[in-house]
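> Numbering (this note's numbering), first residue to last: 22 to 359.
The beta carbon of each residue, even a glycine, is placed where N, CA and C say it ideally should be.
Here it is, the structure in full.
Right, here's the structure in full:
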């Protein structure tokens, strides 16, 4: 086995753009995909079989309140219907029916439930790279409380409200990040989808006016602590990479090959921006054969051989991925250390 250094150190080497002993990996699974693996391996403890190199900490969205009938309430008061999507769900209702924060009480960013299991999880998995995760970290949090169509209209009709809402969300995130940084973590991950299959959801000008100033504030807190900034944004967002690198972004996820030239972008940003993802979840993983999965994993591994890359599918794997493809992914990722 080629495990002379810990998975944590392998990730650190890769993200420093030094050639790691092998290409690290870290995969995510939706509930349905995970259940397939649990049934196959005969245990709910699948981590030893998967071998993920990243330890994800925190509660990225804050789904703490179960309402029954597959409905959950997050800490911002948004109710989610999970009758179809079992992992996140669909927004039910509108927390902010008017473009105003009057009477709305923001949740406590220091709620102990976000942090209480961090020491025990680090004690159990301390060999892995430690990533504190905030999901719905800005735009997504705003539209879930205001409603997507309403927020789009607010960009034009109520810009002052949008600036105030996003600033308050960023303040909440910054307070939570500062608390997370009291633990021995390596990086902070901000989840916030800005892209669609072609282009940005809101266009570059609105993104630069409303989103950029707040993420700059959030990233700076992480950078000042000497930690690495990760972001997750689905879709075609590579037009933002120069702006993001300029304010300290270190790692981009999910890196979708369906909407990006993954090989060209890795070459263009080598030494400046690392990537986590790249294996197709729209084509190869659900519809390919195991040999197709292995071939794509090998291709991405070669692209990341000299660092700047963490191997992964370009999103959490869904229940439509055949078990044999899940196993091919895991086996091929682990091939170099066996």
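(1) Among the residues of its own chain, which have a CB less than 6 angstroms from the CB of residue 83, if the five just before and after it don't count?
(2) Might you give, ordered along the chain, the residues of its own chain that have their beta carbon closer than 6 angstroms to the beta carbon of residue 198, omitting 5 neighbours on each side?
(3) With distances taken Cα to Cα, identify the nearest neighbour of residue 66 among 145, 46 and 100.
(4) Starting from the C-beta of residue 225, find all residues in its chain whose C-beta is less than 7 angstroms away, skip the five residues before and the five after it, and write them out in chain order.
(5) Can you list the alpha helix (DSSP H) stretches of 4 or more residues lying completely in the stretch 276–338, in chain order?
(6) Out of 152, 239 and 26, point me to the one whose CA is closest to residue 191's CA.
(7) Have a look at 280, 25 and 99 and flag the residue whose alpha-carbon is nearest the alpha-carbon of residue 86.
(8) Put residue 151 into one of helix, strand or coil per three-state DSSP.
(9) With three or more C-beta pairs closer than 8 angstroms as the rule, is the stretch 251–270 touching the stretch 182–190?
(10) Mapping DSSP to helix, strand and coil, what is residue 184?
(11) Just to confirm, are residue 372 and residue 302 a CB contact at a threshold of 9 angstroms?
(12) Could you have a look at residue 100 and say whether DSSP puts it in helix, strand or coil?
(13) For residue 74, count the other beta carbons within 10 Å of its own beta carbon; 16 or more makes it buried, fewer makes it exposed. Which is it?
(14) How big is the Cα-Cα spacing for residue 30 and residue 207?
(15) Would you check if the stretch 113–133 and the stretch 165–185 touch, i.e. whether three or more CB-CB distances between them fall below 8 angstroms?
(16) Shortest alpha-carbon distance to residue 345 belongs to which of 62, 80, 34 and 45?
(17) With residue 221 as the anchor, note down where its beta strand (DSSP E) starts and where it stops.
(18) Are residue 331 and residue 32 close, meaning C-beta to C-beta below 9 angstroms?
(19) Any idea if residue 43 is buried or exposed, counting beta-carbon neighbours within 10 angstroms, 16 or more meaning buried?
(20) Would DSSP call residue 165 helix, strand or coil?
(21) Looking only at C-alpha atoms, which of 283, 137, 107 and 124 sits nearest to residue 340?
Looking at the atomic coordinates:
(1) Counted from its first residue, the chain shown places residue 83 at position 62. These residues qualify, in order along the chain: 95 and 96.
(2) Stepping through the chain shown from its first residue, residue 198 is reached at position 177. Closer than 6 angstroms at Cβ, skipping near neighbours: 209 and 242.
(3) Your numbering for residue 66 matches position 45 in the chain shown. Nearest to residue 66 by alpha-carbon distance, out of 145, 46 and 100, is 145.
(4) Translated into positions along the chain shown, residue 225 becomes position 204. Around residue 225: 260.
(5) The stretch 276–338 contains these whole alpha helix (DSSP H) runs: 283–289, 305–308 and 311–324.
(6) Here residue 191 refers to the residue found at position 170 of the chain shown. For the options 152, 239 and 26, the alpha carbon positioned closest to that of residue 191 is the one of 239.
(7) Counted from its first residue, the chain shown places residue 86 at position 65. Nearest neighbour of residue 86 by Cα position, chosen from 280, 25 and 99, turns out to be 99.
(8) Within the chain shown, residue 151 is the residue found at index 130, counting from 1. If DSSP states are grouped into helix, strand and coil, residue 151 belongs with the strands.
(9) The stretch 182–190, when compared against the stretch 251–270, does not touch it at the 8 angstroms Cβ threshold.
(10) The residue labelled residue 184 in the question sits at position 163 within the chain shown. Assignment of residue 184 by DSSP, reduced to helix, strand and coil, places it in the helix class.
(11) Residue 372 falls outside the range modelled here, since the chain spans only 22 to 359, and no answer is possible.
(12) For the purposes of this step, residue 100 is taken as residue 79 along the chain shown, with counting starting at 1. Residue 100: strand per DSSP, three-state reduction.
(13) Mapped onto the chain shown, residue 74 falls at position 53. Buried: at least 16 other Cβ atoms inside 10 Å.
(14) Position 9 of the chain shown, counted from the start, is the residue given in the question as residue 30. Position 186 of the chain shown, counted from the start, is the residue given in the question as residue 207. So the alpha carbons of these two residues sit roughly 11 angstroms apart.
(15) Contact between the stretch 165–185 and the stretch 113–133 is present, because at least three Cβ pairs lie under 8 angstroms.
(16) For the purposes of this step, residue 345 is taken as the residue at position 324 of the chain shown. Measuring from the Cα of residue 345, the nearest candidate turns out to be 62.
(17) Stepping through the chain shown from its first residue, residue 221 is reached at position 200. Element bounds for residue 221: n/a, residue is neither H nor E.
(18) Translated into the one-based positions of the chain shown, residue 331 becomes position 310. Translated into the one-based positions of the chain shown, residue 32 becomes position 11. Against a cut-off of 9 angstroms, the Cβ pair of residue 32 and residue 331 comes out as a contact.
(19) Position 22 of the chain shown holds residue 43. Per the 10 Å Cβ criterion, buried.
(20) Taking the first residue of the chain shown as position 1, residue 165 is located at position 144. DSSP places residue 165 in helix when its eight states are reduced to three.
(21) Locating residue 340 in the chain shown gives position 319, where the first residue counts as 1. Selected option, being the one with the closest Cα: 107.
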